[in-house]
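With the first letter of the sequence shown counted as 1, position 100 gets the number 118 in my numbering; the numbers rise by one all the way through. Where is the CB? At the ideal position from N, CA and C, for every residue including glycine. This structure is a prediction, so every number in the text was calculated from the model and none was measured. First the structure, in the form of C-alpha coordinates, and then the observations on it.
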Amino acid sequence: MSRQTEVRGGGPNRTLIIAGAAVVIILGGLVYLLFLNTRPAQAIEGLISYPNSQGNEHDINLTFEELPPLPPHGGPHNPSWQNCGVYREPVRPEHAIHSLEHGIVWISYRPDLDQADVDKLEALVTGQSHLLLAPYPGLQSPIVLTTWSYQLEVDDADDDRIQLFIDRYLFDRASAPEVGASCSGQTGNPIDR
19 MSRQTEVRGG GPNRTLIIAG AAVVIILGGL VYLLFLNTRP AQAIEGLISY PNSQGNEHDI
79 NLTFEELPPL PPHGGPHNPS WQNCGVYREP VRPEHAIHSL EHGIVWISYR PDLDQADVDK
139 LEALVTGQSH LLLAPYPGLQ SPIVLTTWSY QLEVDDADDD RIQLFIDRYL FDRASAPEVG
199 ASCSGQTGNP IDR
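So this is what it looks like as C-alpha coordinates:
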(Lines of atoms letter the chains of each structure in order from A and count residues from 1; the text may use other names and numbers.)
(Lines give C-alpha, C1' and ligand atoms only; values in the text may rest on other atoms or scores of the structure.)
Protein backbone atom coordinates (compact mmCIF):
# COMPACT_ATOMS: atom_id res chain seq x y z
CA MET A 1 0.00 0.00 0.00
CA SER A 2 1.18 3.45 -0.80
CA ARG A 3 0.68 6.19 1.59
CA GLN A 4 -0.27 9.63 0.28
CA THR A 5 0.00 12.76 2.34
CA GLU A 6 -2.24 15.66 1.50
CA VAL A 7 -1.13 19.10 2.65
CA ARG A 8 -3.96 21.46 3.49
CA GLY A 9 -3.84 25.13 4.44
CA GLY A 10 -0.19 25.68 3.62
CA GLY A 11 1.25 24.64 6.99
CA PRO A 12 3.04 26.75 9.55
CA ASN A 13 4.80 28.98 6.98
CA ARG A 14 1.50 30.30 5.62
CA THR A 15 0.26 31.10 9.15
CA LEU A 16 3.46 33.05 9.90
CA ILE A 17 3.16 35.02 6.66
CA ILE A 18 -0.47 35.97 7.38
CA ALA A 19 0.33 36.93 10.99
CA GLY A 20 3.33 38.98 9.86
CA ALA A 21 1.26 40.80 7.25
CA ALA A 22 -1.41 41.59 9.85
CA VAL A 23 1.20 43.03 12.22
CA VAL A 24 2.68 45.19 9.43
CA ILE A 25 -0.77 46.52 8.49
CA ILE A 26 -1.65 47.33 12.11
CA LEU A 27 1.69 49.05 12.76
CA GLY A 28 1.37 50.99 9.51
CA GLY A 29 -2.09 52.19 10.53
CA LEU A 30 -0.83 53.31 13.93
CA VAL A 31 2.09 55.21 12.39
CA TYR A 32 -0.33 56.90 9.96
CA LEU A 33 -2.68 57.95 12.79
CA LEU A 34 0.26 59.24 14.81
CA PHE A 35 1.38 61.28 11.80
CA LEU A 36 -2.10 62.80 11.42
CA ASN A 37 -2.12 63.89 15.06
CA THR A 38 1.37 65.43 15.00
CA ARG A 39 1.27 67.42 11.77
CA PRO A 40 1.60 71.13 12.34
CA ALA A 41 -1.86 72.69 12.19
CA GLN A 42 -2.59 75.60 9.92
CA ALA A 43 -1.95 78.81 11.83
CA ILE A 44 -4.99 80.95 12.58
CA GLU A 45 -4.10 84.59 12.08
CA GLY A 46 -5.07 86.74 15.06
CA LEU A 47 -5.45 83.82 17.48
CA ILE A 48 -5.15 84.91 21.12
CA SER A 49 -3.72 82.26 23.44
CA TYR A 50 -4.04 82.26 27.22
CA PRO A 51 -1.66 79.48 28.31
CA ASN A 52 -2.51 79.73 32.00
CA SER A 53 -6.29 79.99 32.31
CA GLN A 54 -7.16 80.85 35.87
CA GLY A 55 -8.25 77.46 37.18
CA ASN A 56 -11.60 75.74 36.96
CA GLU A 57 -13.10 76.04 40.44
CA HIS A 58 -16.87 76.08 40.95
CA ASP A 59 -18.28 79.10 42.78
CA ILE A 60 -22.06 79.32 43.12
CA ASN A 61 -21.79 82.97 44.24
CA LEU A 62 -19.71 84.13 41.26
CA THR A 63 -21.28 86.86 39.14
CA PHE A 64 -19.83 89.30 36.65
CA GLU A 65 -21.19 92.70 37.70
CA GLU A 66 -19.40 94.36 34.78
CA LEU A 67 -18.69 92.47 31.61
CA PRO A 68 -15.07 92.46 30.46
CA PRO A 69 -14.47 93.73 26.87
CA LEU A 70 -13.81 90.14 25.75
CA PRO A 71 -15.77 87.12 27.01
CA PRO A 72 -13.95 85.17 29.73
CA HIS A 73 -11.90 82.26 28.36
CA GLY A 74 -11.71 80.10 31.48
CA GLY A 75 -11.35 80.34 35.21
CA PRO A 76 -13.71 80.04 38.17
CA HIS A 77 -17.34 79.56 37.16
CA ASN A 78 -20.81 78.63 38.33
CA PRO A 79 -21.44 74.91 38.99
CA SER A 80 -24.29 75.06 36.45
CA TRP A 81 -23.25 75.22 32.79
CA GLN A 82 -24.98 77.15 30.01
CA ASN A 83 -26.96 74.93 27.63
CA CYS A 84 -25.47 75.15 24.16
CA GLY A 85 -27.41 76.49 21.22
CA VAL A 86 -28.61 79.80 19.80
CA TYR A 87 -29.59 82.66 22.10
CA ARG A 88 -30.89 86.08 21.08
CA GLU A 89 -30.31 87.53 24.54
CA PRO A 90 -26.97 87.65 26.40
CA VAL A 91 -26.03 84.67 28.57
CA ARG A 92 -24.34 84.86 31.96
CA PRO A 93 -20.56 84.48 31.58
CA GLU A 94 -20.24 82.47 34.81
CA HIS A 95 -22.40 79.74 33.22
CA ALA A 96 -20.81 80.01 29.76
CA ILE A 97 -17.33 79.53 31.28
CA HIS A 98 -18.51 76.21 32.72
CA SER A 99 -19.58 75.18 29.21
CA LEU A 100 -16.13 76.17 27.90
CA GLU A 101 -14.68 73.73 30.43
CA HIS A 102 -16.60 71.00 28.54
CA GLY A 103 -14.78 71.75 25.28
CA ILE A 104 -17.38 73.95 23.56
CA VAL A 105 -16.90 76.99 21.33
CA TRP A 106 -18.75 80.13 22.47
CA ILE A 107 -19.46 82.55 19.63
CA SER A 108 -20.39 85.98 20.91
CA TYR A 109 -21.34 89.00 18.84
CA ARG A 110 -22.17 92.66 19.29
CA PRO A 111 -25.90 93.19 19.78
CA ASP A 112 -25.84 95.65 16.84
CA LEU A 113 -24.23 93.12 14.43
CA ASP A 114 -25.77 93.17 10.96
CA GLN A 115 -28.73 90.76 10.84
CA ALA A 116 -27.29 88.96 7.78
CA ASP A 117 -24.20 88.07 9.85
CA VAL A 118 -26.34 86.98 12.81
CA ASP A 119 -28.36 84.73 10.46
CA LYS A 120 -25.15 83.10 9.16
CA LEU A 121 -23.89 82.47 12.68
CA GLU A 122 -27.26 81.03 13.73
CA ALA A 123 -27.18 78.67 10.74
CA LEU A 124 -23.67 77.56 11.74
CA VAL A 125 -24.65 76.83 15.36
CA THR A 126 -28.19 75.45 14.95
CA GLY A 127 -28.32 71.75 15.78
CA GLN A 128 -24.69 71.54 16.93
CA SER A 129 -24.38 69.97 20.37
CA HIS A 130 -21.37 71.92 21.66
CA LEU A 131 -21.61 75.37 20.08
CA LEU A 132 -23.02 78.39 21.92
CA LEU A 133 -24.09 81.62 20.21
CA ALA A 134 -25.24 84.74 22.05
CA PRO A 135 -24.96 88.53 21.85
CA TYR A 136 -22.45 90.11 24.23
CA PRO A 137 -22.90 93.79 25.18
CA GLY A 138 -19.78 95.95 25.05
CA LEU A 139 -17.84 93.54 22.84
CA GLN A 140 -14.83 95.29 21.31
CA SER A 141 -14.98 93.30 18.03
CA PRO A 142 -18.07 92.44 15.98
CA ILE A 143 -17.64 88.68 16.62
CA VAL A 144 -15.47 86.81 19.13
CA LEU A 145 -14.97 83.04 19.25
CA THR A 146 -13.92 81.70 22.63
CA THR A 147 -12.88 78.32 23.91
CA TRP A 148 -10.98 77.37 27.06
CA SER A 149 -7.65 79.26 26.71
CA TYR A 150 -8.16 80.64 23.17
CA GLN A 151 -10.00 83.49 21.45
CA LEU A 152 -10.36 84.88 17.96
CA GLU A 153 -11.81 88.26 17.02
CA VAL A 154 -13.34 88.63 13.54
CA ASP A 155 -15.20 91.38 11.71
CA ASP A 156 -17.90 89.40 9.91
CA ALA A 157 -19.54 85.98 9.65
CA ASP A 158 -17.91 85.25 6.28
CA ASP A 159 -14.42 85.10 7.78
CA ASP A 160 -12.90 81.66 6.97
CA ARG A 161 -11.09 81.67 10.32
CA ILE A 162 -14.41 81.00 12.10
CA GLN A 163 -14.59 77.45 10.76
CA LEU A 164 -10.83 76.95 11.27
CA PHE A 165 -11.22 77.93 14.93
CA ILE A 166 -14.19 75.60 15.44
CA ASP A 167 -12.42 72.71 13.71
CA ARG A 168 -9.30 73.21 15.80
CA TYR A 169 -10.69 73.93 19.27
CA LEU A 170 -14.08 72.23 19.55
CA PHE A 171 -13.46 69.30 21.93
CA ASP A 172 -9.77 70.28 22.29
CA ARG A 173 -8.39 67.85 24.88
CA ALA A 174 -5.14 69.80 25.12
CA SER A 175 -6.84 72.84 26.64
CA ALA A 176 -10.34 72.15 28.03
CA PRO A 177 -10.40 70.28 31.36
CA GLU A 178 -13.65 68.28 30.84
CA VAL A 179 -13.91 67.74 27.08
CA GLY A 180 -17.09 66.08 25.93
CA ALA A 181 -19.14 66.63 29.08
CA SER A 182 -22.76 67.61 28.54
CA CYS A 183 -23.82 70.97 27.19
CA SER A 184 -27.54 70.53 27.87
CA GLY A 185 -29.86 69.97 30.82
CA GLN A 186 -28.74 72.93 32.96
CA THR A 187 -29.10 76.70 32.47
CA GLY A 188 -30.87 78.47 29.61
CA ASN A 189 -33.36 77.81 26.84
CA PRO A 190 -31.74 78.17 23.43
CA ILE A 191 -34.16 78.94 20.59
CA ASP A 192 -32.92 76.04 18.43
CA ARG A 193 -33.61 73.23 20.94
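Identify whether E119 lies in helix, strand or coil by the three-state DSSP scheme. helix
Taking Cβ positions, are E196 and G145 nearer each other than 9 Å? no
Beta-carbon separation of I66 and Y168 under 9 Å? yes
Please classify I180 as buried or exposed, where buried requires at least 16 neighbouring CB atoms within 10 angstroms. buried
Taking N96 as the reference, which of L80, V109 and V41 has the closest Cα? L80
Is the segment 109-119 touching the segment 169-177, taking contact as three or more C-beta pairs under 8 Å? no
Report yes if the CB atom of V104 is closer than 9 Å to the CB atom of L151, and no otherwise. yes
Restricting to Cα atoms, I'd like to know which of D177, D190 and R211 is closest to G64. D177
Within this structure, are the beta carbons of V109 and G206 separated by less than 9 Å? yes
Do the CB positions of L142 and I184 come within less than 9 Å of each other? yes
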